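Residue numbers (our numbering), protein chains in the order written: chain L, 5 to 172; chain R, 2 to 799.
Quick notes on the structure that follows.
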Amino acid sequence: MNVELKKVELKVNGATHVVEVEPRTSLLDCLRDRLLLTGAHAGCEHGVCGACTVLLDGVAVRSCLMFAVQADGYAITTIEGLSPGPGELSPVQDAFCEAHGMQCGYCTPAMILTAHALLARNPSPTRAQIIEAISGNICRCTGYAQIVEAIALAADRMRGQNLPPDRS
Amino acid sequence: MTAPAKFRFVSTDRRVREDRRFVVGKGRFAADIMPPGVKHVALVTSPHPHARIRSIDKRAALAMPGVHYVLDGAELAAATLPLAAGLDTPNVPRRPLAVDVARYAGEWVAAVVADSRALAEDAAEAVAVDYEPLPFVLDGEEAYRPGSPLVHAAHGSNVLLDRTFVWGEVEKDFAACPHRLKHRVTWGRSATVPIETFGVTASWDPWREILDIWASIQMPKYPDQTAVALKLPASSVRVHYDVDVGGSYGVKRGIKHTVLVGHLARRLGMPVRLVEDRLENMRGGDMHGPERNFDVEVAFDDAGVIHAMKMRALDNVGAYAGRSPFQLGKPVGAIVGPYRIRSVQYQAIAVVTNKTVQEAVRAFGQSPTNYAIERTIDEVANRLGLDRLEVRRRNLIRREEFPYLIPSGSTYDSGDYHTVIEKVLQRADYAALVAERDRLRAQGMLAGIGIAACLEPSGGNSSFEPLLNPKNETTTWMDSCRISVDLGGSITATMHTSSSGQGHETLVGTVVGEVLEIDPDRVRVVRADSLNALPSNSPVGSRMAIMLGGAAFHAAQKLKGKLVAIAAHDLNVPAERLTYREGNVIDSSAPERKRSWAELVAIAHRHIHRLPPGMEPGLSVAHIMPVPTGGTLPTPDGRVQMYPCYAFEFHLMLVAIDPDLGKPEIRRYVVGHDCGTVINPKIVRGMTMGGIAHGIGAALYEEFAYSGDGLLMAQTFMDYLLPSAHEVPPVEIVHHATPSPHTVFGQKGSGESGYLGAPAAVASAVNDALRPLGIVVNSLPIKMARLGDLIAQARRGS
């Protein structure tokens, strides 16, 4: 079974990568195995648990449910693209640390990307909106309470960031 | 207790150090470890619940591109020993690949090794196995009866364990009581189902004769059992404990995966890995939880005080023995729950069937047992027309009765159950909660209040092993910590096992910082591998706050003692006159006389001539700690101290059920939690909330359901329903702290009690809601479809 490889150009975290993959290669496998971006995790590989979430043009999608060849042309953001610099954390990442919005850390990158996507379109989400946003990401450790708190905290801090000093 | 009266860092709301790597995607999970040239395994699995394997034709698979090898059970069995079993059941051998007979649908029959996982999967489909289907048995009670199809013919029956314990004057107490109640309560087959499946990579170096293993493991004695099965000395197996485990809660005991991959790595001379896909995980990963029938009978008086209990627990452990029958043993350590039941008869039965193998699940069998006890308390109250809370108050062990010896031989260390309950009732405004239930009922909803208490035996000991297997005299377990101070004066603490989200690095840092009076963030915490590790029995049995925390405490005390001894010698004053303060050692009678941390480090590492005579140079100390109260064999009638510490939780909830949908909705949830001294509040809160979510899943959604022809129906996340953020309600936690006398800070375990109490509380609430309809639901999970049918049936009948 010699399968023809397809060349695909992936824009990931601002850098362009040209890779040759089997057409059946999922975006998740391509990110992990070819680009060594292992922050995206396989959980169920059938689109339920959300552990493989990445952002495509800012929208949270399941990288296990799409082929790498389908991602050609999109701006892909993985968890590795969120940190502002070595040793630094984005406000959402820092809020997850402050609230301890995780335990084992396996679903965490996907949760944080989902939270980023939510806060980009809705800087002041209600509790119900946060729950709706993360309802496609299964966490088996936390019971979600500290995750919801982390996202609310991040939203609060990110809104505060843009206030003039005398009002903050 | 040797702890200081108040703490600098313990119990303060500090961040969890592990979190920083996880939020940036830099956790190092098993699937992230890809040695150069690693080959991938995919599995050929049995489509039958029970079948003789007539032949395996590998030719087509071997001819496919990228395929290196196809391994069958006969070849593997010739090269390895069977996997360790908990009980003495030599005729129930368990191996990674089926030999001659496959005993459950999904059992691994052959393993394909290829250049990529995709190629291995392609080739696995091309392996042709000829099966002869055999009669099978799925139901545990049926398997227990003589004449049912035998899962292991050589064993002669399907019964692995059938032992009846009698503790106290059970018959006399029954005869003396005016009331009896007997019912069957059933716990359905579910598990913890972590989002990360099990993964393991093995690499054999034939020149060094070392098998390196990276695995998502949570298992006592994993390196040793791997070595025995592979016929290697344990000094040739190096398990790397610095692998982050993506959730486990008991189940990640991938010993069969490891022996398979370890053998392949040696056989092929290449690194080999197996990372389960979800299908392999659900049906063949051998990680299902208990499936248990309880027949409970209690004898009680007019006041609802229960004097005696008879419990028969029959557990369907699946096709092979493993360690799972021990899950009937651990509940012996809290067989009366938090209640003063003075005599108990307990029959523990483990049977094999043609289902997936059972493995350890959070609380190791205690959650089903607690559910059975709590259901019984509710029914006793209902029978007498008494308030369920009042019946509990009358039966609960009272604060002044601790330490309290239960009939089965364990002494509960400490507790104040009535106070915890009162705190919960106050927080919830119980009268208002009842009024809200009645308001909902008046509106036509079904509504109920759920009440459940639970104990979390903690400190993870081995007592259930000799209890259920007389050939096994493992009387206790231990854990360890090593601390070294380097030439520059910085501190590194070493732990000796892997973790799966419990925050153990934070635990060690906090404890060492507390004792040494320095910022915990200055304490580096690393993990040994199994070849340079001190003894650990891994983070099972809710033990690490007690055991790793205890070992770190004692190691830090040793270090402090060494620093004081060095200063005493160098200052030429008696050690008793010296005080250790934040790294410095000071003469309390002349404070200007002191030695700083830097000076003491320099003496220990460089100025050896200034060390006390005979003292080892350097600043490295280690402590290996056995489980407090452990170390004794059970009595002939099966009494033993199971675990040292007993945390308490009380769950209270309001559930509303739309009678047309049958959908239970948790409207309010308050839990009272007493795990003694809390070391890290963020971690304890997370453990409690996560355990509750997991318990809600077991109570309402999750079940490994089988079809009549023996196939696992719930084998994806479309069928096996894990609670999402929508299903888990906000939970209010009320804290109380009754310190344990057995631990260094008064801490107890906290990883399990959410899961121990939530299923019982949900069952209690649903039954309270259904009582007006005359419905009793005594089996879990209470799925929405079943609930809807029961309600519809009852309404039609009325």
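All C-beta atoms, glycine included, are put in the ideal place defined by N, C-alpha and C.
Predicted model, so just to flag it, every value in this text is computed and none were measured.
For R/Thr511, the CB contacts under 8 Å within the same chain, skipping 5 residues up- and downstream, are Phe10, Val11, Arg15, Pro521, Ile680 and Asn681 in chain order. The beta carbons of R/Ala52 and R/Ala103 sit closer together than 8 Å.
Residue range Lys40 to Thr46 is occupied by the beta strand (DSSP E) that includes R/Lys40. Ranked by how close their Cα comes to the Cα of R/Ile519, the residues R/His736, R/Ile54, R/Gly490 and R/Trp215 have R/Gly490 in first place. Under the rule that a run must span 3 or more residues, the beta strand (DSSP E) segments found entirely inside the region 76–143 of chain L read 79–81. Burial is judged here by how many other beta carbons sit within 10 angstroms of a residue's own beta carbon; L/Leu123 has at least 16 and is buried. Nearest to R/Ala62 by C-alpha distance, out of R/Glu583, R/Ala121 and R/Pro635, is R/Ala121.
Counting along the chain, the unbroken alpha helix (DSSP H) around R/His555 starts and ends at Met545 to Leu572. Chain L has a Cβ within less than 8 Å of the Cβ of R/Thr717.
Assignment of beta strand (DSSP E) within the region 196–223 of chain R, counting only whole runs of 3 or more residues, yields 200–206 and 211–216 in chain order. R/Ala759 has its alpha-carbon roughly 30 Å from the corresponding atom of R/Thr477. Here R/Ala648 is bridged, per DSSP, to R/Glu457. If you draw a 10 Å sphere on the C-beta of L/Arg66, you find 16 or more other C-beta atoms in it, and that means buried.
DSSP, reduced to helix, strand and coil, places R/Val767 within a helical segment of the structure shown. Taking a C-beta cut-off of 8 Å against chain R, the contacting residues of the region 76–93 of chain L are Thr82, Ile83, Glu84, Leu86, Ser87 and Leu93, listed in chain order.
In the structure shown, R/Ala700 adopts helical secondary structure according to DSSP, grouped into three states. At a cut-off of 8 Å between beta carbons, R/Leu549 makes no contact with chain L. Minimum Cα-Cα distance from L/Ile116 among the listed residues L/Leu93, L/Ala79, L/Arg131 and L/Thr130 corresponds to L/Leu93.
Beta bridge pairing from DSSP links R/Ile54 with R/Tyr132. Beta-bridge annotation (DSSP): R/Arg239 is paired with R/Asp213. For a cut-off of 8 Å, the C-beta gap from L/Cys34 to L/His45 is around 14 Å, too long to register as a contact. By the criterion of a C-beta distance shorter than 7 Å, R/Asp588 is surrounded in its chain by Leu572, Val574, Arg578, Leu579, Arg594 and Lys595, once the five residues flanking it on both sides are discounted.
Residue R/Ala568 holds the alpha-carbon nearest to the alpha-carbon of R/Pro613 among R/Leu426, R/Ala568 and R/Phe365. Any Cβ of chain L closer than 8 Å to the Cβ of R/Met690 would place that residue at the interface, and such an atom is present. R/Gly510 sits in a helix when the DSSP states are folded into three classes.
Proximity of chain R to L/Arg161 at the Cβ level (cut-off 9 Å) is not reached, the minimal Cβ distance being about 15 Å.
Judged by pairs of C-beta atoms under 8 Å, the region 327–335 of chain R touches the region 361–368 of chain R, as three or more such pairs exist. Residues of the region 515–545 of chain R that bring their beta carbon within less than 9 Å of a beta carbon in chain L are absent altogether. DSSP links R/His674 through a beta bridge to R/Glu650 and R/His736. R/Asp296: member of the beta strand (DSSP E) spanning Arg293 to Phe301, first to last residue. Annotation for R/Met785: Gly663 and Lys664 place their beta carbon closer than 6 Å to its own, counting only its chain and skipping 5 residues before and after. Under the three-pair Cβ rule at 8 Å, the region 234–250 of chain R does not count as touching the region 129–140 of chain L.
Selection R/Ser499, R/Gly775, R/Asp480 and R/Arg428 evaluated against R/Ile734 yields R/Arg428 as nearest (Cα-Cα).
Taking C-alpha positions only, R/Glu703 is separated from R/Leu723 by approximately 6 Å. Legend: CB atoms of the region 142–156 of chain L lying less than 8 Å from CB atoms of chain R belong to residues Ile142, Cys143, Arg144, Cys145, Thr146, Gly147, Tyr148, Ala149, Gln150, Ile151 and Val152. Under the Cβ distance rule, L/Thr42 counts among the residues neighbouring chain R, one pair being separated by less than 8 Å.
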